[in-house]
Amino acid sequence: MTEEQFKRITVNDIAGMDISKYTIVDIREPDEVLTGKIENSVNMPFSCFYSELGKIPKDKPVLVYCRTGELSEEIADILADRGYDVTNLDGGFQAYKAQKTSHKIISETVLIDAQNLKCPGPVVKVADSLRNKPAGTKAVVKATEEAFYSDIRSWCERTGNRLDSIKIENGIITAEITKVVNAGINDNKIRQHEKTFVIFSGDLDKTIAAFIMANGAAAMGRNVTMFFTFWGLNVLRKPKKSKIKKKLTEKLFGLMMPKGSKKLGLSRMNMGGMGAGMIRSVMKKNGIHSLEKLMEDAVSHGVRLIACQMSMDIMGLHREELIDGIELGGVTTFLASCERSDMSLFI
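Using the numbering used here, read the sequence shown as starting at 169 and increasing by one per residue.
In structure tokens, the structure reads:
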């Protein structure tokens with residue numbers, strides 16, 4: 169028995185699909201079509217299908233169906249042999265109509281209030297709200313951050329979900345989204361376009377920027393790796409002193425370096441720590457998550473935090489001094505992540 173060259177879907181799958189991207193071919197006879205059809209489908213009766221075959225374009229995938237899904241299997245096989253990207257509707261129009269009649273096709277609407285959240289908060293909330301929902305779920309999102317108008321468009325485009333509409337009224341952005349089957353956030357096993365960040369600097373502002381981008385990438389369903397080396401290791405230090413026996417040089421390094429994320433200074437205008445305090449105060453007033461909250465969100469969304477073992481040895485840091493959930497790795501771990509990524513940033 170040869171392996172099928174065509175794909176299969178069920179009527180449940182159609183609920184979340186953007187079928188406008190398909191050429192939909194109905195091979196039932198004209199009298200059967202009178203009982204109803206799938207929207208935008210083209211009727212090519214089986215009785216004269218071979219003479220009409222050349223009219224089916226190859227520039228986009230083909231979805232073929234019949235009354236029960238059996239005859240269309242033969243047609244799907246023929247089309248696949250001729251180089252078409254073809255999918256058969258299992259159960260055919262009979263199953264499709266039954267689902268429509270019984271209202272079993274998913275029509276749940278989720279209301280997502282992302283107002284007053286700052287980047288990447290709105291997009292992260294959308295991703296979290298839809299992650300465990302079935303395909304076909306509708307979402308109505310309200311946000312007030314102006315950048316969300318562009319961000320949600322990009323998020324839908326890159327994750328495969330459908331942006332049905334978006335508008336701005338009285339400073340409130342309202343976006344209507346349909347979760348699409350096999351979109352990036354639907355299946356954590358289907359992840360592409362990984363991102364890798366090297367955190368070399370131990371500056372507060374640069375670290376905040378890195379975690380904002382990491383959380384945004386995670387919300388798009390991407391695997392994210394953050395590799396901390398040299399001064400960036402200070403971001404991962406525990407704020408409290410650990411009872412570890414150290415050499416003199418290790419102790420000196422420990423005394424000179426900031427102990428944890430709350431002790432980081434700015435790359436410019438730090439003014440003995442006053443600048444860092446001002447930045448944190450402004451972030452809080454504007455509803456922007458603190459660095460610590462951004463780190464917590466990153467871990468909860470599966471971002472890998474890797475500490476460079478070699479840098480730890482040079483700077484006299486021990487695993488016991490790092491916060492929980494940190495992996496240790498070397499240059500090969502870093503390079504492997506880069507090779508899987510389509511974007512690597514050195515910060």
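Beta carbons are placed, not taken as given, at the ideal position from N, Cα and C, and that holds for glycine.
> Using CA coordinates, which residue listed in ILE482, GLU337, ASP332 is at the minimum distance from GLU344?
Replying inline: For GLU344, the closest C-alpha among the options ILE482, GLU337, ASP332 is that of ASP332.
> Is DSSP giving ILE310 helix, strand or coil here?
Replying inline: Sequence check: residue 310 is Lys here, not Ile. Note: LYS310 maps to strand in three-state DSSP.
> Which stretch, first to last residue, makes up the beta strand (DSSP E) that contains LYS414?
Replying inline: In the DSSP assignment, LYS414 falls outside any beta strand (DSSP E) and carries neither an H nor an E.
> Is it buried or exposed for ASP371, if we count other Cβ within 10 angstroms and need 16 for buried?
Replying inline: Result: buried.
> Distance, Cα to Cα, GLY422 vs ALA386?
Replying inline: Between GLY422 and ALA386, the alpha-carbon positions lie close to 32 Å from each other.
> Would you report the Cα separation of ASN438 and ALA444, rounded to the nearest angstrom?
Replying inline: Distance between the alpha carbons of ASN438 and ALA444 is about 6 Å.
>> Strictly by DSSP, which residues pair up with ARG235?
In response: None, per the DSSP bridge assignment.
>> Rounding to the nearest angstrom, what Cα-Cα distance links ALA504 and LEU496 in this structure?
In response: Using only the alpha carbons, I get a separation of about 14 Å.
> If you run the structure through DSSP and keep just helix, strand and coil, what is CYS506?
Replying inline: Three-state DSSP puts CYS506 in a helix.
> Any idea what DSSP makes of ARG196, helix, strand or coil?
Replying inline: When secondary structure is reduced to three states using DSSP, ARG196 falls in the coil class, being assigned neither helix nor strand.
> Taking the alpha-carbon positions, what's the THR305 to GLU207 distance?
Replying inline: Distance between the alpha carbons of THR305 and GLU207: 19 Å.
> How many whole angstroms separate the CB atoms of ILE195 and PHE214, which I take to be in contact at a CB cut-off of 8 Å?
Replying inline: Between PHE214 and ILE195 the Cβ distance is about 5 Å, and since that is below 8 Å, they are a contact.
>> Helix, strand or coil, according to DSSP, for PHE398 in the structure here?
In response: PHE398 carries a helical assignment under DSSP once its states are collapsed to helix, strand and coil.
>> Just to confirm my understanding: we take GLY470, look at its own chain, exclude 5 residues before and 5 after, and list those with CB closer than 7 Å. What are they?
In response: ALA386, listed in sequence order.
> Where does ASP281 sit, in a helix, a strand or coil, going by DSSP?
Replying inline: DSSP places ASP281 in strand when its eight states are reduced to three.
>> Taking only three categories from DSSP, how would you classify VAL294?
In response: Helix, per DSSP.
> LYS415: buried (16+ other C-beta within 10 angstroms of its C-beta) or exposed?
Replying inline: It counts as exposed.
> When you compare only the Cα positions, how much space is there between ILE274 and LEU490?
Replying inline: Confidence at ILE274 is low in this model, with a pLDDT of 48, below 50, so its placement is unreliable and the value that follows should be read with caution. C-alpha separation (whole angstroms): 46 Å.
>> Using 8 Å for Cβ pairs, my map puts VAL230 next to MET212. What's the rounded Cβ distance?
In response: The Cβ separation is near 11 Å, so there is no contact.
> Can you give the Cα-Cα distance for ASP296 and GLU220, rounded to whole angstroms?
Replying inline: One alpha carbon belongs to ASP296, the other to GLU220, and they sit about 46 Å apart.
>> Are the CB atoms of PHE316 and PRO290 within a distance shorter than 8 Å?
In response: Yes, they are a contact pair.
>> Going by C-alpha to C-alpha distance, which of CYS234, TRP323, CYS506 sits closest to VAL201?
In response: Distance check between VAL201 and each of CYS234, TRP323, CYS506 places CYS234 closest, using alpha-carbon atoms only.
>> Bridge partners for LYS175 per DSSP, in chain order?
In response: Assignment of beta-bridge partners to LYS175 by DSSP yields THR255.
>> Since VAL403 and THR375 should fall inside the 8 Å C-beta cutoff, what is the C-beta to C-beta distance between them, to a whole number of angstroms?
In response: The beta-carbon distance between VAL403 and THR375, rounded to whole angstroms, is 5 Å. This is short enough to meet the 8 Å contact definition.
>> Suppose you measure from the CA of LYS265 to the CA of HIS361; what does that come to, to the nearest Å?
In response: Going by C-alpha positions, LYS265 is about 38 Å away from HIS361.
> From GLY204 to CYS216, what distance separates their C-alpha atoms?
Replying inline: Rounded to whole angstroms, GLY204 to CYS216 spans 20 Å at the Cα level.
>> Please return the same chain residues whose Cβ sits closer than 6 Å to the Cβ of GLU276, not counting the five positions on each side in sequence.
In response: The beta carbon of GLU276 sits closer than 6 Å to the beta carbons of THR305 from its chain, once the five residues preceding and following it are set aside; these are given in chain order.
>> Can you check which of these residues, MET185, ASP481, VAL179, LYS431, is closest to LYS408 by C-alpha distance?
In response: Checked all of MET185, ASP481, VAL179, LYS431; the closest Cα to LYS408 is LYS431.
>> Suppose contacts are defined by Cβ-Cβ distances below 8 Å. Is PHE379 in contact with PHE398 by that definition?
In response: Not closer than 8 Å, so no.
> Over what stretch of residues does the alpha helix (DSSP H) that includes ASP319 continue unbroken?
Replying inline: That run of the alpha helix (DSSP H) goes 316 to 327.
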